[in-house]
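A short worksheet on the structure shown next.
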Amino acid sequence: MLESYLTGLIVCGGIIVAIGAQNAYVLSQAIRREHHWWSAGLCMAADVTLFTLGMFGVSAALMAMPQALEILRWLGVVFLGWLAVQAFVRAGRGRVALEAGEVTKRSLKGVLFTTLAVTLLNPQVYLDTLLLIPAVGAQQEDTTTFVAGASSASILWFGLLAWSGSALAPILSRPVAWRLIDGVIGLMMAGIAAHLAINGGL
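The sequence shown begins at 1 in the numbering used here and counts up one residue at a time.
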């Protein structure tokens, strides 16, 4: 039972720790202190839901409809490209330094929508949560405990992103820091979009 839990924790942890569009977005929201715990919580909930659905056979349905993954792939490319352009524009124009009492923020609805899009428009998410992880879980002695371990990895990781980004916020008091952050985010989003378009996965 413990072995199944640890296997789920390690396998899932190894997959989600690699920085991708979802992680970059949650971290950027945490640094800005813009509904970052809501964004992280939505990512956790999405992972737990997909892990559970994967273990109950949704993966078989996706395998029967490869065109669905292809559509998601190109939607993801377009959306990530749009995020990259936005980040580059912010980096070029610059913006005021982050302040603890900053009033102008994105709405909770907007943050949650973007979080969902970054999460669900990446076909690799489905390959990992509905195919790869369930394939490993099916070999475990206790699949329920395995899913619990995989879910724990997601909760711990996104919780860490939300906490660490928020903790760094007081340090980011110079406008030039935001130019650098937006530039890096733009490059990351553009790189992921290009990789997704060329190779079909992240």
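C-beta atoms are modelled at their ideal positions from N, C-alpha and C, and glycine is treated no differently. In this text, all values refer to a predicted model and were calculated from it rather than measured experimentally.
For Ala117, which residues from the same chain have a beta carbon less than 7 Å from its beta carbon, with the 5 sequence-adjacent residues on both sides left out? In the sequence shown, counting from the first residue as 1, residue 117 sits at position 117. Cβ within range, chain order: Phe79.
Roughly how many angstroms lie between the CA atoms of Arg33 and Ile198, to the nearest whole one? The residue labelled residue 33 in the question sits at position 33 within the sequence shown. The residue labelled residue 198 in the question sits at position 198 within the sequence shown. Taking the straight line joining both Cα atoms gives about 34 Å.
Are Ile16 and Trp163 close, meaning C-beta to C-beta below 7 Å? Counted from its first residue, the sequence shown places residue 16 at position 16. Counted from its first residue, the sequence shown places residue 163 at position 163. No, they are not a contact pair.
Considering only the alpha carbon of each residue, which of Ser152, His195, Ser4 lies closest to Cys43? Start at 1 with the first residue of the sequence shown, and residue 43 comes out as number 43. The shortest Cα separation from Cys43 among Ser152, His195, Ser4 belongs to Ser152.
Counting along the chain, where does the alpha helix (DSSP H) carrying Asn122 start and finish? The count along the sequence shown starts at 1 and reaches residue 122 at position 122. Neither: Asn122 is in no alpha helix (DSSP H) and is coded neither H nor E.
Would Cys12 be called buried (16 or more neighbouring beta carbons within 10 Å of its own) or exposed? For the purposes of this step, residue 12 is taken as residue 12 along the sequence shown, with counting starting at 1. By the neighbour-count rule (16 or more Cβ atoms within 10 Å), Cys12 is buried.
Is the beta carbon of Phe88 closer than 7 Å to that of Gly186? Position 186 of the sequence shown holds residue 186. Position 88 of the sequence shown holds residue 88. It is a contact, given that the beta carbons lie within the stated cut-off.
If you reduce the DSSP assignment to three classes, tell me which class Ile106 lands in. Locating residue 106 in the sequence shown gives position 106, where the first residue counts as 1. Ile is not the amino acid found at residue 106; the sequence shown has Arg there. In this structure, Arg106 counts as coil in the three-state DSSP scheme.
What three-state label does DSSP hand Glu34 in the structure shown? Working through the sequence shown from its first residue, we reach residue 34 at position 34. Glu34: coil per DSSP, three-state reduction.
Smallest Cα separation from Leu130: which of Ala193, Tyr5, Thr49, Trp37? Here residue 130 refers to the residue found at position 130 of the sequence shown. That would be Thr49, whose Cα lies nearest to the Cα of Leu130.
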